[in-house]
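Once you know that position 403 of the sequence shown is 403 in UniProt numbering, the rest is easy, because the numbers rise by one and skip nothing.
For reference, the structure discussed in these notes is given below.
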Amino acid sequence: MRADTQGYSSRIVCSDINTPKKGTMRQPEGQINLYYSHRNPIDLPSSFTFSIYELPPSVLNEDLIDKKNPINYVEVPSNETSIEKQAARLIVIRRRKMKKHQLKKLRKRMKYEWAKVRQRRELKKEKIFQAKLIAQIKDAEAFDAAAYVANILQKAQNVTPKQLLKEKQQTETMGPVTNTKKNKDESEILKQLRIKRKKLKQEKLLERLKKTKIDSENNESAPDKTNKTEEEITPASKKLHTLSIAVPGSILDNAQSQELRTYLAGQIARAACVFEIDEVIVYDDLGDTGSEEKVQVDEEVYGIKTARRCCAQLARILQYQECPQYLRKYFFPFHHDLNYVGLLNPLDAPHHLRQTDEFAFREGIVTNLPSKPGQSSVNVGLYKDITVDKALTPGIRVTVKMQPNNKGTKKIRGTVVAPTAPRTETGIYWGYNVRLALTLGNVFCQSPYPGGYDLTIGTSDKGRNVDELPAQSLSDCSHALVVFGGLSGLEAALENDEKLMVDDPSFLFDHYLNTCPNQGSRTIRTEEAILISMAALRSKLGTVSEQGNFTKIKHGNEK
């Protein structure tokens, strides 16, 4: 008999099967009683299929396996080895946990024992201290002052001079006398040192008094000489001449990325430093027509509460570039507008002094260090802070005039002066100020100088040729202003300002000039126009941009 176990049916082939007889009869084991007389194979339906893995080894014969599609018999590994490994792991983990638990217990016990030891030591100390106090109290109670004084007086009366001599001789031979001699010698040496110090102080005071008398006599006797020296040191005309430029903030919107915006602002800062400009005004030439949102601005610094984002960014970068390197970390915290400031070229202005440079003036910040009343300490970029003759609030930027160091003094002193003092006294350029203006009209109205600007110049390709102006023709002014337009020029800025009732921008300025006639490009960028215009106007302005070279900065490399 052959049985095929694949599929959903079992096929049985009967070879020698007898027909059933009437009645019931017992069939032998391993045979099937079929009521059919023929010997053809019969398909018996069955839903159960055998798997080779589940069949016992006795059934796995060659007849039951399909020879066309052979399946290799695989013995399933016993779980005894895996269980033993798991048990060993659990034992190891358990032992580790027990060790940790025991260590924790030991630590707790040791802490408890240490605490006990500490308590015992403290109790012992308290007991010893109490015993000493009790003994001192008893001695004090038993002490009789009257009897003590009476005994001393009796001894003094009863002692004769011979006895005193004997006692002295004995004390000289004994050891304690050497100590008394040493004490006497030390006291004498201290007395002599005190006397010398007093003499030195008196001599110093006398020298100071002599110096003050000599200085006062010189000032009274020769006042004209001092005036002459001042005239030799300071420029011929102590009148301050300033030069300002006004730039629209919308020029940053024309840049394609944040890096290009910062680089453009750095070019403007470089141009302002090269041509010794005292004030840079960033004005909004779009007015209320622009769709860009406004940003909050420090009102104490700029004088306004809100400004357009491009204007605020340009002003912030210009201020950052003007500030000396050793003060930037105090005045400019982390800001997204200053992410790419490291790409910019440094100004290397005269007030950007290094630690080894020597000059009469320096820029600094007031620090929180303690100082005497009426004084304050200032960080000026040197190896240590200096003391100033005024009590100032910390965190303020100040201009300090350095005092010459006296011999024998380690402290460096200085006096706080106005920011324009280096320019007026030495004639050296000392940086620029930054101002924000909401409109073109505010550029003229909100001038920081008394009386405003006495010379205003507008730049445009529709203006008058700058070459027609003679040299030194604009040198009579005290405060000059040069205004530059944006992408659409000054005409668009005038249209966006509702308060200015003028149609032609030439009526706003004393001179409306074309600083680059016969230009080869259709448009000139604002950063290029600044360089071209200031180079063309330099000979026309004359004394406004002329600076003296009466004092020079001594660099560390120079001898």
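From the three backbone atoms N, C-alpha and C, an ideal C-beta is built for every residue, glycine too.
Cβ-Cβ separation between Pro324 and Gly381: approximately 7 Å, consistent with a contact (criterion under 8 Å). With contacts defined as CB atoms closer than 8 Å, Leu252 and Leu264 qualify as a contacting pair.
One Cα belongs to Leu90, the other to Gln102, and the distance between them is close to 18 Å. Between the stretch 294-311 and the stretch 265-276, the count of Cβ pairs shorter than 8 Å is below three; the stretches do not touch. Asn158: member of the alpha helix (DSSP H) spanning Ala145 to Asn158, first to last residue. For Ala492, the closest C-alpha among the options Thr439, Leu541 and Leu513 is that of Thr439. Beta bridge pairing from DSSP links Ser521 with no other residue. Look at Tyr283 here: in three-state DSSP terms it is strand.
For Ala391, the CB contacts under 6 Å within the same chain, skipping 5 residues up- and downstream, are Gly374 and Ser376 in chain order. Taking 8 Å as the cut-off, the beta carbon of Ile317 is found closer than this to the beta carbon of Asp337.
Between the alpha carbons of Leu474 and Thr515 lies a distance of about 15 Å.
Gly266: member of the alpha helix (DSSP H) spanning Gln258 to Val274, first to last residue. Counting the other CB atoms within 10 Å of its CB gives Val502 a total below 16, which places it among the exposed residues. For Ala391, the three-state secondary structure derived from DSSP is coil.
Inter-residue distance for Leu469 and Arg423 is about 28 Å (C-alpha atoms, whole angstroms). Ranking Ala535, Thr262, Ala480 and Gln136 by CA distance to the CA of Pro346 puts Thr262 first.
If you ignore the 5 residues before and after Ile524, its C-beta comes within less than 8 Å of the C-beta of Asp461, Cys516 and Ile532, all in its own chain and listed in chain order. Gln296: member of the beta strand (DSSP E) spanning Lys294 to Gln296, first to last residue. Rounded to the nearest angstrom, the Cβ distance from Glu322 to Tyr432 is 6 Å, consistent with a contact under 8 Å. In the structure shown, Thr526 falls within a helical segment according to DSSP collapsed to helix, strand and coil. Taken through DSSP and simplified to helix, strand or coil, Lys462 comes out as strand.
Here Asn368 carries a coil assignment [DSSP, helix/strand/coil]. The distance from the Cβ of Leu243 to that of Glu276 is about 7 Å, consistent with a contact at the 8 Å cut-off. Note on geometry: alpha-carbon atoms of Gln202 and Ile412 lie some 25 Å from one another. Look at Lys305 here: in three-state DSSP terms it is coil, with no helix or strand label.
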